[in-house]
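Asks: I am attaching a structure below and will ask some questions about it afterwards.
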């Protein structure tokens, strides 16, 4: 029983509406499928997309039942935003790793003084038992020439923690980007890989 | 061929493979993508209807004409379509008819979490509940076949987690029965009392036959495991229970109404503890209890909210069938609770309108759409939201109550409603206001799309589901034809004029309609030349621009207080990646600190 559970890999991808969380989870799920595994992924569309919290659960293995990752069983938490990483940290296994884009998306509720953006978020994340890797993916993407490369950089990082064949990653990513950006996305993927 | 499909994509695929020829829907989360995907297949006519009742009736017509039909809606949509639904259950079908209806446990994007499985029992029609994408696709075909064989509409009941989860689906090729034709059968389709009295006993007779089908169908399957616990479940709950306690015995109900009583008795007799795991209401549990079988469910599993593996696990623990130690979890940090409620987009034309409306200090009855978000701080602009189209009629009721019984109440009464919602079910309400000499100030927030569901076309946009040009409702003319004499069209980005128009209409003694004319920002291309900036020299940190609640305006540098212990002020900054250049903050700034960044 324990063995079967371990066979399923759980990756929780989180961020704020509009950041590309769903695209990233689509790509990861597709990579797992093309690698011959059973895959499920789940997220909520609609109202939450309007600047709200977005989380996408991706699970793959020999056979996957629940489309939702049971709390405390995520192998990887990939966060597109700093405070969101904190929100979902409890989903990780004790040895699970958090990969975090240190970008902050400050909600208007903070601007109007009704809430505070969590202080010392980076410190808290660094102390998490399985360890966290924080990167300023937005600056790295801009250095590479396009802020939209954040997504691919983060996927490159994720790929290092999962045993999915690299050609499948590249194939799926290239299918999803316009021709003119193919080279750049491969570079971004490599950049991401180098960070983990 | 295999593909990774969401439940909704799989339903569309299933409809295509089963030879559905006509499909109609009104968008509603979590059901919207069914029709959006079906529209891409060749040989299927798919349309957005103005509301769910219309969609349902289009489906009935197609079925009468002998072709297979699918209609899709969210759970509350069936409340709107309940009228044709209940009587169509009497007439039955010609071509197969399936209603794909998506519940929203947990209310991710809904005003209630009603359990639509009761509608199947109410109308005495078969109910199918897929638990993943493959089943969603397959069950469309089964539902249509059953519909034709048993002369009944079928319900395919989805939930958010089935509709919006993706799984691997094996694709097939399109088949389905050859379309028939319209066959005149007045005693079947003309539901005058005399003929309806003939049909009603047939409904009961059909239910008996469906019960037999429920016993036989492979969709209701027993998976024997340990005899210590037997779990009866349907839909997504099956996946959670299977995840948490795979060693148990399962009776999985793919066809969950009518229930297979003999199969349930047999299953119950072979397990020591019988549990029902079902999201929302005790729909199965109460029916099984009524059979005189000892069964438990809601004693351990909540009646509220969406389930998850943890919730099911907790219930199984309470029921003392799960004794394994919980996997230890990393603690969620204290600081993790940053609230991030959904907000109107930067540049959303609703924001500036509500900012202007707040100055009128009225009673504001609202409706369902992105603008409902104006209830949240900082705007806090609306006082009600009940269901699609309710704004105008509830406002009329409030105004009449004031007129009759509360002469001291001087606040003006407003109704605010979006374009799509107005065409869905606001038109008859406005007719009521005009006809009964009401005095409501109705605002139609016309952003030329169905915004909250992600931007779908409707009869007011001039485009079809497929994006083709079509006839377009002329809102001012429509409103005038209902008997409204005062119709004003305003640009909600122009704060001063908007406020002026609101003031003028409030001072009038008759009903009026104000139509805002800015399209949804999501429809507009981002134009970097419109991006605004805050001149840090001029900004005094008064904070008025922050009161708009625009995600693009953020607090910046702290201004030291002049007095000891004085209030801390912060300058405003504009995030150039978010600003859409609506100019509303510029109009508000008394220091003239905000202007176009390029200028």
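Protein chains in written order, with my numbering: chain A, 199 to 394; chain B, 2 to 600.
The beta carbon of each residue, even a glycine, is placed where N, CA and C say it ideally should be.
Whole angstroms are fine: how far does the CA of residue 325 (chain B) sit from the CA of residue 199 (chain A)?
Replies: Summary for residue 199 (chain A): the model assigns pLDDT 37, below 50, so the residue's position carries little reliability; its value from the coordinates is reported in the next sentence. One C-alpha to the other measures close to 11 angstroms.
Asks: For residue 494 (chain B), count neighbouring C-beta atoms within 10 Å of its own C-beta (all shown protein chains included) and say buried if the count is 16 or more, exposed if not.
Replies: buried
Asks: Could you tell me whether any Cβ in chain B is nearer than 9 angstroms to the Cβ of residue 377 (chain A)?
Replies: no
Asks: Considering Cα atoms alone, identify which of B:416, B:140, B:498 and B:48 is closest to residue 513 (chain B).
Replies: B:416
Asks: Is the segment 433-443 of chain B touching the segment 16-24 of chain B in the sense that three or more CB pairs, one from each, lie closer than 8 angstroms?
Replies: no
Asks: In the DSSP output, which residue or residues are listed as bridge partners for residue 373 (chain B)?
Replies: In DSSP, residue 373 (chain B) forms no bridge with anything.
Asks: Spell out a yes or no on whether the segment 160-167 of chain B and the segment 254-273 of chain B are touching, meaning 3 or more CB-CB pairs, one atom from each, closer than 8 angstroms.
Replies: no
Asks: Quick check on residue 240 (chain B) - is its C-beta less than 9 angstroms from some C-beta in chain A?
Replies: yes
Asks: With a threshold of 8 angstroms, are at least 3 pairs of Cβ atoms found where one atom belongs to the segment 379-389 of chain A and the other to the segment 47-63 of chain B?
Replies: With a cut-off of 8 angstroms, the segment 47-63 of chain B and the segment 379-389 of chain A do not count as touching, because too few Cβ pairs lie within range.
Asks: Could you tell me which uninterrupted beta strand (DSSP E) segments, each at least 3 residues in length, are contained entirely in the segment 482-509 of chain B, listed from first to last along the chain?
Replies: 487-491
Asks: When Cβ atoms are compared, which residues of the segment 341-352 of chain B fall closer than 8 angstroms to chain A?
Replies: 341, 342, 343, 344, 345 and 346
Asks: Apart from the five residues on each side of it in sequence, which residues of its chain come closer than 6 angstroms, Cβ to Cβ, to residue 378 (chain A)?
Replies: none
Asks: To which residues of the same chain is residue 359 (chain B) closer than 6 angstroms at the C-beta, ignoring the five residues directly before and after it?
Replies: 382
Asks: I need the DSSP call for residue 297 (chain A), collapsed to helix, strand or coil.
Replies: strand
Asks: Are residue 484 (chain B) and residue 435 (chain B) close, meaning C-beta to C-beta below 9 angstroms?
Replies: yes
Asks: From the DSSP output, which residues share a beta bridge with residue 4 (chain B)?
Replies: B:170
Asks: Among all the DSSP beta bridges, which residues are the ones paired with residue 259 (chain A)?
Replies: In DSSP, residue 259 (chain A) forms a bridge with A:236.
Asks: Check each residue of the segment 147-171 of chain B: if its Cβ is closer than 8 angstroms to any Cβ of chain A, include it; give the result in chain order.
Replies: When C-beta distances to chain A are compared with 8 angstroms, the residues of the segment 147-171 of chain B below that value are 161, 162, 165, 166, 167, 168 and 169, in chain order.
Asks: Among B:479, B:462, B:395 and B:481, which has the Cα closest to the Cα of residue 472 (chain B)?
Replies: B:462
Asks: Work out the CA separation of residue 324 (chain A) and residue 323 (chain B) for me, nearest whole Å.
Replies: 35 angstroms
Asks: Would you verify that the beta carbon of residue 528 (chain B) is, or is not, closer than 9 angstroms to some beta carbon of chain A?
Replies: Output row for residue 528 (chain B): interface = no.
Asks: Whose C-alpha, out of B:288, B:103 and B:531, is nearest the C-alpha of residue 113 (chain B)?
Replies: B:103
Asks: Could you name the residues of the same chain whose beta carbon sits closer than 6 angstroms to that of residue 203 (chain A), not counting the 5 residues immediately before and after it, in chain order?
Replies: Since pLDDT at residue 203 (chain A) reaches only 46, below the 50 mark, its modelled position is unreliable, and the value read off the structure follows with that caveat. Nothing meets the Cβ criterion.
Asks: If you reduce the DSSP assignment to three classes, tell me which class residue 546 (chain B) lands in.
Replies: In the three-state DSSP reduction, residue 546 (chain B) falls in the helix class (H, G or I).
Asks: Given a limit of 7 angstroms on CB to CB distance, which residues of the segment 255-279 of chain A reach chain B?
Replies: 263, 264, 265, 266, 268, 269, 270 and 271
Asks: Below 8 angstroms between beta carbons is the criterion; list the residues of the segment 531-550 of chain B that meet it against any residue of chain A, in chain order.
Replies: 547, 548 and 550
Asks: Answer yes or no: does any C-beta atom of chain B fall closer than 9 angstroms to that of residue 335 (chain A)?
Replies: no
Asks: Say whether chain A places a C-beta atom closer than 9 angstroms to the C-beta of residue 322 (chain B).
Replies: no
Asks: Using a Cβ cut-off of 9 angstroms, which residues of the segment 304-318 of chain A contact any Cβ in chain B, in chain order?
Replies: 304, 305, 306, 307, 308, 309, 310, 311, 312, 313, 314, 315, 316, 317 and 318
Asks: Starting from residue 289 (chain B) and walking both ways along the alpha helix (DSSP H), at which residues does that stretch end?
Replies: 284-291
Asks: Taking a cut of 9 angstroms between CB atoms, which residues from the segment 374-390 of chain B lie near chain A?
Replies: Taking 9 angstroms as the Cβ-Cβ cut-off against chain A, the residues of the segment 374-390 of chain B that qualify are 374, 377, 378 and 379.
Asks: For residue 540 (chain B), tell me which candidate among B:552, B:522, B:559 and B:524 has the shortest Cα-Cα distance.
Replies: The candidate whose alpha carbon is nearest that of residue 540 (chain B) is B:559.
Asks: Residue 205 (chain A) to residue 228 (chain A), Cα distance in whole Å?
Replies: 18 angstroms
Asks: Determine the chain B residues that contact residue 369 (chain A) at a beta-carbon separation under 9 angstroms, and present them in chain order.
Replies: Chain B residues near residue 369 (chain A): none, gap ~14 angstroms exceeds 9 angstroms.
Asks: Thinking C-alpha only, which one of B:575, B:498 and B:548 is nearest residue 536 (chain B)?
Replies: B:575
Asks: Looking at residue 110 (chain B): is its Cβ nearer than 9 angstroms to the Cβ of residue 127 (chain B)?
Replies: no
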